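Colleague: Before I ask anything, here is the structure I am working with.
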Amino acid sequence: KKLTAKEIDAYVGTKEPLDKAGAYAIQGLGSVIVRKIEGDYFNVIGLPLGSLVEGLKKFGISVL
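Structure follows, in structure tokens:
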């Protein structure tokens, strides 16, 4: 999504992006500046949980 300089300044002013690797948190205010996600939502927030669970099963580890 294209943002104006004013929108960028306002977002940075919230301080939310200052401790994020990609400068936004899709589960927070960053959701306002992202038009769409392609792929797994959990990849965006840091860990593909479905893939992790399936991988653990291959090693005989159950999460439930």
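For our numbering, add 12 to where a residue sits in the sequence shown, where the first one is 1. Think of the CB as a built atom: it goes at the ideal place given N, C-alpha and C, for glycine as much as any other residue. For clarity, every value in this text was computed on a predicted model and none was experimentally measured.
1) Are at least three pairs of beta-carbons, each pair with one atom in the segment 65-72 and one in the segment 39-56, less than 8 angstroms apart?
2) When DSSP labels each residue in this structure, what does Pro29 get in the three-state scheme?
3) Rounding to the nearest angstrom, what Cα-Cα distance links Glu6 and Leu76 in this structure?
4) Can you tell me the Cα-Cα spacing of Val56 and Ile38, whole angstroms?
Modeller: On the basis of the data shown:
1) no
2) The residue you call residue 29 lines up with position 17 of the sequence shown. Three-state result, Pro29: helix.
3) The chain is shown from 13 up to 76; residue 6 falls before or after that span and cannot be answered.
4) Indexing the sequence shown from 1 puts residue 56 at position 44. Indexing the sequence shown from 1 puts residue 38 at position 26. Using only the alpha carbons, I get a separation of about 7 angstroms.
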